[in-house]
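Report on the structure given below.
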Amino acid sequence: MQKNLNIIMLAVGICFVCSCSSQKQVDSKSKVETSGPTSSSEHILGNNRSFEVVDQNTTGTGNHRYLFYDNNQSIIAENYRWRGDSEWHTIDIDLDGLYEVICNDQFEDGAERVSVYRDRNGVIERGYISEEYICSLLDIEQISLPGNLIEKYDTNTNTFFVVYDDGVGKRVEASLGFSNINYLEFSEFICL
Amino acid sequence: MKVICMANSDYSWSDVLAGNGTLSINGGLAYSSGVLSLQTFLHNIGYNIAPDGQFGNGTDTAVKQFQNELGITEDGIVGVGTATRLNTVRSSQYYTVYGKRLTTSQWGQSNILVGNFTDTNLLSRIIFAEDMNSLDAQKGIAIVIKKRKNSNSSLYMESSSSYPNASAWARVIGKSGAYSTANSGNTNARTPRRGLRGYSSDGYVDPYWKHACDTAISLVNGSSFSATGKKIVGTTITNTSVTVSSGTSDAYYYQCNFTAYTSWYNSGLIDTSVVPIAFTSQGGTTVICKRI
Numbered sequence: 001m002q003k004n005l006n007i008i009m010l011a012v013g014i015c016f017v018c019s020c021s022s023q024k025q026v027d028s029k030s031k032v033e034t035s036g037p038t039s040s041s042e043h044i045l046g047n048n049r050s051f052e053v054v055d056q057n058t059t060g061t062g063n064h065r066y067l068f069y070d071n072n073q074s075i076i077a078e079n080y081r082w083r084g085d086s087e088w089h090t091i092d093i094d095l096d097g098l099y100e101v102i103c104n105d106q107f108e109d110g111a112e113r114v115s116v117y118r119d120r121n122g123v124i125e126r127g128y129i130s131e132e133y134i135c136s137l138l139d140i141e142q143i144s145l146p147g148n149l150i151e152k153y154d155t156n157t158n159t160f161f162v163v164y165d166d167g168v169g170k171r172v173e174a175s176l177g178f179s180n181i182n183y184l185e186f187s188e189f190i191c192l
Numbered sequence: 193m194k195v196i197c198m199a200n201s202d203y204s205w206s207d208v209l210a211g212n213g214t215l216s217i218n219g220g221l222a223y224s225s226g227v228l229s230l231q232t233f234l235h236n237i238g239y240n241i242a243p244d245g246q247f248g249n250g251t252d253t254a255v256k257q258f259q260n261e262l263g264i265t266e267d268g269i270v271g272v273g274t275a276t277r278l279n280t281v282r283s284s285q286y287y288t289v290y291g292k293r294l295t296t297s298q299w300g301q302s303n304i305l306v307g308n309f310t311d312t313n314l315l316s317r318i319i320f321a322e323d324m325n326s327l328d329a330q331k332g333i334a335i336v337i338k339k340r341k342n343s344n345s346s347l348y349m350e351s352s353s354s355y356p357n358a359s360a361w362a363r364v365i366g367k368s369g370a371y372s373t374a375n376s377g378n379t380n381a382r383t384p385r386r387g388l389r390g391y392s393s394d395g396y397v398d399p400y401w402k403h404a405c406d407t408a409i410s411l412v413n414g415s416s417f418s419a420t421g422k423k424i425v426g427t428t429i430t431n432t433s434v435t436v437s438s439g440t441s442d443a444y445y446y447q448c449n450f451t452a453y454t455s456w457y458n459s460g461l462i463d464t465s466v467v468p469i470a471f472t473s474q475g476g477t478t479v480i481c482k483r484i
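Protein sequence lines, in the order shown, are assigned to chains E and H.
Each residue of the first sequence is one higher than the one before, counting from 1 in our numbering.
Each residue of the second sequence is one higher than the one before, counting from 193 in our numbering.
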């Protein structure tokens, strides 16, 4: 694995987002991208874990797969971006004092999805927003074209923003909290 | 005196099919040959259920999922409507071979790239989930997959050295960042609703699901097929028809939705060496880009 690529440093700024409805203060860290050396930040996903982000793509043609290596050199997250820079945030979404990693993924077929990474008892889990929940919320039968559904983490509102266009004149939007995420153990796979 | 029987144990599968009774969780847990048939048929088309002849919570869930898959009322009651549909689809290859329900831990790139799926089963799921509203778009999507496989390029597929147990098709589908529907979170590929738009005349098979399966079969066995769409100039879909074929040796394709194509085009990310082709349906537009 070549790791002398784009290395992205963590957590330089800290901002606070206040949800007036819940009165819960959520601590969020923003990222700064750089080509400098590996940086670290404690308590990311627990276990004093820090990480660095490496673009696996060496061809310069797009199809970026950004891999998140922790300080044990294990892959703990990944972020797909068909074009452009990585998009991720470290947010304590369950208010347990540890930051989860939220990635805004962009696939080559045009779909944009959110993935959430967390640590549960030493096991990294990856979560996706339940599509069944999105369908019920937006009152649609099914997502018949994956690219018509856009999911993004919105730093301004500290929510997941979803929008769906059914292609026949109906466009619906919603902001979601963090409770309808289906988590599974994260099975890394590495392209050699 | 006429006695009305409500228990599941009173009804055979034939009784239910004839409209002489229903099966449901309210019919009790006593063994029923009708329930055993119901469970066996659901199991054989991919529902996670162990046939034991007792209508419990697992059977109730499976029945509701089946009713959802076919777009009928999800009441958990197996009457003549549900039974007739199940009795029809239980012998259909579009249910018994393709598209069986998977859990989230059974789907996703990590499963695809270790070779957990047959090629036709994998391809049918992706072709269907990428566009469930246009037959031509499904063929266009399949053509893109074939061109990518034929390219044997690391731009379009994972390597055989990294994934020795995955077929070339699986390495195309499992290419990181390529197909969002290969993601474990995707519902339509993991649990395709195989009968949602199906009627009795077509065996309760959704025509787009059937077409996706047939197209996947054609891909794998090498049969040639073509798709006709509209040429895109800039970001305008013209009236000029363009036909693409799976049987030609022309170069690689991309596939995306029109919104993303437009955004990328306006950002200068779609280079001038491609011919974009639109496949528009009632649900939107899928774009494939042919390299020249």
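Glycine residues also receive a C-beta, built at the ideal position from the N, C-alpha and C atoms.
This one's a predicted model, so the numbers in the text were calculated from it and none came from an experiment.
Partner residues on chain H for residue i, Cβ-Cβ distance less than 7 Å
| i | result |
| --- | --- |
| A111/E | S372 |
| S187/E | S302 |
| N148/E | N449 and G476 |
Residue i classed as buried or exposed, judged by whether at least 16 other C-beta atoms fall within 10 angstroms
| i | result |
| --- | --- |
| F16/E | For F16/E, the pLDDT reaches just 28, beneath the cut-off of 50, and the residue's location in the model is therefore unreliable, although a value from the coordinates is still provided. Exposed. |
| R171/E | exposed |
| M198/H | exposed |
| G211/H | exposed |
| V425/H | exposed |
| E151/E | buried |
| V123/E | exposed |
| A242/H | exposed |
| R120/E | exposed |
| T440/H | exposed |
| E141/E | exposed |
| Q285/H | exposed |
| D55/E | buried |
| T478/H | buried |
| G460/H | exposed |
| E131/E | buried |
| C18/E | With a pLDDT of only 31 at C18/E, under 50, the local geometry of the prediction cannot be trusted, and no value is derived from it. |
| P146/E | buried |
| G291/H | buried |
| P468/H | buried |
| R223/H | Position check: residue 223/H holds Tyr in this sequence, whereas Arg was assumed. When all chains shown are included, Y223/H counts as exposed. |
| D166/E | buried |
Cross-chain neighbours of residue i in chain E, by beta carbon under 8 Å
| i | result |
| --- | --- |
| M324/H | Q142, S144 and L145 |
| R282/H | By Cβ distance, chain E contributes nothing, its closest Cβ being about 23 Å from R282/H, past 8 Å. |
Chain H residues whose Cβ lies nearer than 8 Å to that of residue i
| i | result |
| --- | --- |
| R118/E | Ordered by position in chain H, no residue passes the 8 Å Cβ test against R118/E, which lies about 15 Å from the chain. |
| V168/E | Q474 and G475 |
| D165/E | T451 and G476 |
| N182/E | T296 and G377 |
Residues that residue i contacts on chain H, provided the C-beta gap is smaller than 9 Å
| i | result |
| --- | --- |
| W82/E | G369, A370, C448, A452, W456 and L461 |
| A69/E | Residue identity differs from the one stated: residue 69/E is Tyr in this sequence, not Ala. Residues of chain H passing the Cβ test: none, with the nearest at roughly 16 Å. |
| R65/E | S368 and G369 |
| Y128/E | T296, N375, S376, G377 and N378 |
Residue i: contacting residues in chain E (beta-carbon distance under 7 Å)
| i | result |
| --- | --- |
| G268/H | Within 7 Å Cβ-Cβ: nothing; G268/H doesn't reach chain E, min ~17 Å. |
| T379/H | E131 and E132 |
> Could you give the uninterrupted runs of the beta strand (DSSP E) lying entirely in the segment 378-466 of chain H, keeping only those of 3 residues or more?
Replying inline: 418-425, 428-437 and 445-449
> If we count Cβ pairs, one from each stretch, closer than 8 Å, do we get three or more for the segment 259-277 of chain H versus the segment 401-421 of chain H?
Replying inline: no
>> Three Cβ pairs or more, each shorter than 8 Å: is that satisfied between the segment 229-240 of chain H and the segment 162-178 of chain E?
In response: no
>> Tell me whether the segment 346-356 of chain H and the segment 408-426 of chain H touch, counting them as touching only if at least three CB pairs, one residue from each stretch, are closer than 8 Å.
In response: no
>> Beta carbons nearer than 8 Å to chain E: which residues of the segment 310-337 of chain H have them?
In response: A321, E322, D323, M324 and N325
>> Give me the subset of the segment 84-109 of chain E whose CB atoms are less than 9 Å from a CB atom of chain H, sorted by chain position.
In response: G84, D105, Q106, F107, E108 and D109
> Are the segment 380-391 of chain H and the segment 325-333 of chain H touching, with three or more C-beta to C-beta distances below 8 Å?
Replying inline: no
> Hey, which unbroken runs of the alpha helix (DSSP H) at 4 residues or more fall wholly within the segment 130-174 of chain E?
Replying inline: 131-138
>> Taking contact to mean 3 or more Cβ pairs, one atom from each stretch, closer than 8 Å, check whether the segment 302-313 of chain H and the segment 357-366 of chain H are in contact.
In response: yes
>> Using a Cβ distance threshold of 8 Å, determine whether the segment 364-382 of chain H contacts the segment 281-300 of chain H, with at least three qualifying pairs required.
In response: yes
> Between the segment 389-397 of chain H and the segment 449-463 of chain H, are three or more C-beta pairs nearer than 8 Å?
Replying inline: no
>> Closer than 8 Å between beta carbons: that is the criterion. Which residues of the segment 284-297 of chain H meet it against chain E?
In response: T296 and S297
>> Could you tell me which whole beta strand (DSSP E) segments of length 3 or greater appear in the segment 266-310 of chain H?
In response: none
> Is there contact here, the segment 90-97 of chain E with the segment 69-76 of chain E, by at least three beta-carbon pairs under 8 Å?
Replying inline: no
> What are the uninterrupted segments assigned as alpha helix (DSSP H) that are 4 or more residues long and contained completely in the segment 222-247 of chain H, given in chain order?
Replying inline: 225-236
> Three or more beta-carbon pairs under 8 Å between the segment 204-221 of chain H and the segment 105-115 of chain E, yes or no?
Replying inline: no
> Name the residues in the segment 385-397 of chain H whose C-beta lies less than 9 Å from a C-beta of chain E; which are they?
Replying inline: R385 and L388
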